Each structure stands twice: as structure tokens, then as C-alpha cells.
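Working notes, beginning with the structure itself.
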Amino acid sequence: MKPKNGEVQEVGKLFLKLGTIAFGGPAAHIAMMEDEVVKKRQWMTHEHFLDLVGATNLIPGPNSTEMTMHCGYERGGWRGLILAGAAFILPAVLITMVFAWLYSKYGQLPEVEPYIYGIKPAVIAIILSALISLGKKALKNVELWVLGILTVLAALLGVNEIVALFACGFAGLLLYFIRSHAKTANGFSPLILLQAPLLAVQSGNLKIWLIFLKVGALLYGSGYVLFAFLDAELVSNGLLTRQELIDAVAVGQFTPGPVLSTATFIGWQLNGFWGALAATVGIFLPSFVFVAILNPLIPKLRKSKAMSAFLDAVNVAAVAVILAVAIEMSRDTLTDWRTVLIAIISFAAVFVFKKLNSAFIVIGGAVLGYLLMLV
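If you use numbering that gives the first Met the number 0, the sequence shown closes out at 374, no skipped numbers anywhere.
Structure representation (C-alpha cells):
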């Protein structure tokens, strides 16, 4: 059925809002989406949301941004997919452009730490809230509990999250075949986008676009992986200094929305506004293609018992990886009585006021953090 214009507009408004207030990285972004699209708006079931999270973890690109596209497609079809992704990316890109302009003009970043001191512990509370609701749906039996615990331990011990996800998925598949005594198995191949070759071109903006298109098509993992990719592509080739790269990643980390807005900052340093635009389009374009291909396939995979077992295990692994991220964030964030207090108050607010918009939790954490720093 063709989506109504009102439904598509609803998609745009929601993800523009989330792109403006979604601090804390992919785990926090996904937690906010789960609250908005599953609990409040009921665009899909918890089970299907989990399938989308699990599948998104198996393809390159920024997970939370790709989840916005999945959610947009579920509500508004192809128009919803494009609008959700663009709306979520836009605020981060605009904010990053401001920082990029200030940086190019004054050579340093404004001091923002006082404003985000209280946001991080509030975000941890939002993530834990989502983990509880998602975990209830994902942990269907004892076997999945065991796989989930093993995946958390693996992630905390430093095993690459993509390796952990695939290992858990194939372990679930193996357990299915052992139970069913199956003698044959249908093949499974993750979707792979052929990378665009980096052509030896003279046009500055085209070269920037191709560099970031390559990164967007191949990137798995966290901001640290992004740092390594960009270091190899830009710093090693003399296009950027390492300090500029460090500052660019920092901007991506403390602005709302996807951390890949780092590309916008770097593009501006390389060639001003048009360089920023080329880098932004390049790094996010592969995600739109991946999701457009993947989303219609997920219900078909669910109909296969073997692939359903694989998806169940991947879903558990996705929840486990988010839990590992929350634990690591807690180690880095909850370092004094102020941050612990903010986290406790935020966690209580999430569960006492269940219909409270997550934006107010983030804003409340920021205000509380600012006030407590005056103590």
C-alpha cells in the first residue's frame, strides 16, 4: 500500500528531531529510536526492530543512520527511507559545518565539555532502558542466553564486534542444524557493495567524494575504526595533518547525530563548503544503497527456519554488543559522584515517566551536569 503524505512527513519530523538531540553514539541513537518507533508510535514490533538492528550490524556504514533508513522505509516506503536518513544526518552536518568554519578561521575548537558533562550519564540510562525491552524479546531460550553472555564477554575482551556478531550468528545456525539433524544447508552471503575505485582525478571535490565514498562503502565498527581509515586515506597521503584529523573526530563525537559527520568537518578543511558537501554525500551514500537492498530481504529471510535461527542469534549478539558498549561508556563516564548521581536520576526518570520523551532526559542531564559542576 502506498504510504500517505502525512506518514512520510511524520518520518521527516521524527528523525529531524532525533538528529538534533541524539547524543552518545550509535547505541544511544538506537535506544532513542526504539522508544519512538516501537513503544510510542508502534510502527513495528520489537521483534522486527531487532531483526533490523541485527541485519544492520552485518553491513558496512553507520549503524544508527542505517536504522533511521530502515524505520523510514517501514513507515513511508522509499520516500520514507530517503527522508529519514537525510533528516537524521542534516542537523549534525549543519552543526559540524559551523565548527569547521570556526576551526578554519581561528585554528581551534570552542570549549564544549561543560555542556556535555551531564549528557553522557543520561545517555547511559537511555541505552539501559532500551536494552531491557530489546533483551526481553531477543533472549528467547537458554541457548540464546548463553550465546549472548559469550558475545558480551568477547566484546569486552576486545574481539572485533563484527567478528563477534557473525560468530554468534553462525553458532545459532549450527545449533539449529544440530537440533534438526539437517544434512544440507542453504548458503548465506552478506551483501557486499563493490567499492568505487579511487580514480586519479584532478578535480578536488570529485577526489574528496571518491575518497569518502570508498570509506563509507567499507567502514565497519566504531569511531576508532573511522580514525584508522581516514588516517590511511588522508594523513598518510599528506592531505590532512594528524591533529586536524583528531580534531575532526572529536567534533563528530560531541555533536548530535552520526559520528560520520566527521567527514563534513574534514571536507571543509580540504576545500571549503563544496568539499564538505562532497565528503558528506560520499560517506553516507553507500548506506542508502545498502539499506535499500537489504530491507525488503529481511522478511523473506525470516520465513526460512535456518535463516531465522541465524537472525535470532545475530539479534542476541547485537543486544550483547550494545550492552558491552554501555559497560565501556560507564567505565569512561561514571568517574565521580556527580556523573553517578545524574545516571541514577536519569535511569529513575526513564522508568517512572515511561512516556517521557528521551529528548527531555538528554536536556535534563545537560542542565543537571552544568548545575552540579558549579557545586
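Ideal placement from N, C-alpha and C gives every residue a C-beta, glycine not left out.
On a predicted model such as this, the values are computed, not experimentally measured, just so you know.
At the level of alpha carbons, what is the spacing between residue 327 and residue 7?
Translated into the one-based positions of the sequence shown, residue 327 becomes position 328. Translated into the one-based positions of the sequence shown, residue 7 becomes position 8. Each residue's alpha carbon lies about 37 Å from the other.
Assuming contact is defined by CB atoms lying nearer than 7 Å, are residue 151 and residue 319 in contact in what I supplied?
On the sequence shown, residue 151 is found 152 positions in, with the first residue counted as 1. On the sequence shown, residue 319 is found 320 positions in, with the first residue counted as 1. Closer than 7 Å, so yes.
Nearest to residue 122 by alpha carbon, out of 67, 374 and 347?
Translated into the one-based positions of the sequence shown, residue 122 becomes position 123. Among 67, 374 and 347, the Cα nearest to that of residue 122 belongs to 347.
Can you give me the start and stop residues for the alpha helix (DSSP H) that residue 21 sits inside?
In the sequence shown, counting from the first residue as 1, residue 21 sits at position 22. Premise fails: residue 21 is in no alpha helix (DSSP H) and is neither H nor E.
Any idea what DSSP makes of residue 330, helix, strand or coil?
For this step, residue 330 is matched to residue 331 along the sequence shown. Residue 330 falls in the helix class under three-state DSSP.
Classify residue 303 as helix, strand or coil using the three-state DSSP reduction.
Within the sequence shown, residue 303 is the residue found at index 304, counting from 1. Residue 303 falls in the coil class under three-state DSSP.
Does residue 382 pass the burial test, meaning 16 or more other C-beta atoms within 10 Å, or should it be called exposed?
Because the chain here runs from 0 to 374, residue 382 falls outside it and cannot be looked at.
So, with DSSP's three-state summary, where would you put residue 12?
Sequence index remark: in the sequence shown, residue 12 carries index 13 (1-based). Helix, per DSSP.
Specify the secondary structure class of residue 371 as computed by DSSP and reduced to three states.
Along the sequence shown, one-based indexing puts residue 371 at 372. Under the three-state reduction of DSSP output, residue 371 falls in the helix class.
The alpha helix (DSSP H) with residue 349 in it runs from where to where?
Mapped onto the sequence shown, residue 349 falls at position 350. Following the DSSP letters along the chain, one finds residue 349 inside the alpha helix (DSSP H) bounded by residues 336-351.
I need the straight-line Cα distance from residue 267 to residue 276, nearest angstrom please.
For this step, residue 267 is matched to residue 268 along the sequence shown. For this step, residue 276 is matched to residue 277 along the sequence shown. Going by the C-alpha atoms only, they are around 8 Å apart.
What is the rounded straight-line gap between the Cα of residue 352 and the Cα of residue 51?
As a first step, residue 352 is located in the sequence shown; it is residue number 353 there, counting from the start. As a first step, residue 51 is located in the sequence shown; it is residue number 52 there, counting from the start. Rounded to the nearest angstrom, the two C-alpha atoms are 27 Å apart.
Taking residue 44 as the reference, which of 359, 209, 17 and 135 has the closest Cα?
To locate residue 44, count along the sequence shown from 1; it is residue 45. Closest by alpha carbon: 135.
So residue 151 is in the alpha helix (DSSP H); what residue range does that whole segment cover?
Residue mapping note: residue 151 aligns to position 152 of the sequence shown, counting from 1. Run containing residue 151: 141-155, per the alpha helix (DSSP H) assignment.
Residue range of the alpha helix (DSSP H) that residue 268 falls in?
Residue mapping note: residue 268 aligns to position 269 of the sequence shown, counting from 1. Residue 268 -> alpha helix (DSSP H) spans 261-293.
Note down, in chain order, each residue of its chain lying with its Cβ closer than 7 Å to the Cβ of residue 139, except the 5 sequence neighbours on either side.
Within the sequence shown, numbered from 1, the residue matching residue 139 stands at position 140. So the qualifying residues of the chain are 311.
Please state the DSSP three-state secondary structure of residue 71.
Residue mapping note: residue 71 aligns to position 72 of the sequence shown, counting from 1. Helix, per DSSP.
For a quick check, are the C-beta atoms of residue 84 and residue 68 less than 7 Å apart?
Here residue 84 corresponds to residue number 85 of the sequence shown, with the count starting at 1. Here residue 68 corresponds to residue number 69 of the sequence shown, with the count starting at 1. A contact, by the Cβ cut-off of 7 Å.
Roughly how many whole angstroms lie between the Cα atoms of residue 37 and residue 156?
Translated into the one-based positions of the sequence shown, residue 37 becomes position 38. Translated into the one-based positions of the sequence shown, residue 156 becomes position 157. Cα to Cα, the separation comes out at about 32 Å.
Could you name the residues of the same chain whose beta carbon sits closer than 6 Å to that of residue 23, not counting the 5 residues immediately before and after it, in chain order?
Here residue 23 is taken as the residue at index 24 of the sequence shown, counted from 1. Counting only Cβ-Cβ distances below 6 Å, and skipping sequence neighbours, we find 122.
Helix, strand or coil for residue 324 per DSSP?
As a position in the sequence shown, residue 324 is number 325, starting the count at 1. Three-state result, residue 324: helix.
Do residue 90 and residue 62 have their C-beta atoms within less than 7 Å of each other?
Looking up residue 90 in the sequence shown gives position 91. Looking up residue 62 in the sequence shown gives position 63. The answer is no: Cβ separation not under 7 Å.
Residue range of the alpha helix (DSSP H) that residue 135 falls in?
Position 136 of the sequence shown, counted from the first residue, corresponds to residue 135. From DSSP, the alpha helix (DSSP H) with residue 135 extends over 118-137.
Inspect the CB distances between the region 236-250 and the region 163-173 and report whether three or more fall short of 8 Å.
no
Work out the CA separation of residue 148 and residue 80 for me, nearest whole Å.
Stepping through the sequence shown from its first residue, residue 80 is reached at position 81. Stepping through the sequence shown from its first residue, residue 148 is reached at position 149. The alpha-carbon atoms of residue 80 and residue 148 are separated by roughly 33 Å.
Among 367, 321 and 359, which one has its Cα closest to the Cα of residue 154?
Locating residue 154 in the sequence shown gives position 155, counting from the first residue. The shortest C-alpha separation from residue 154 is found at 321.
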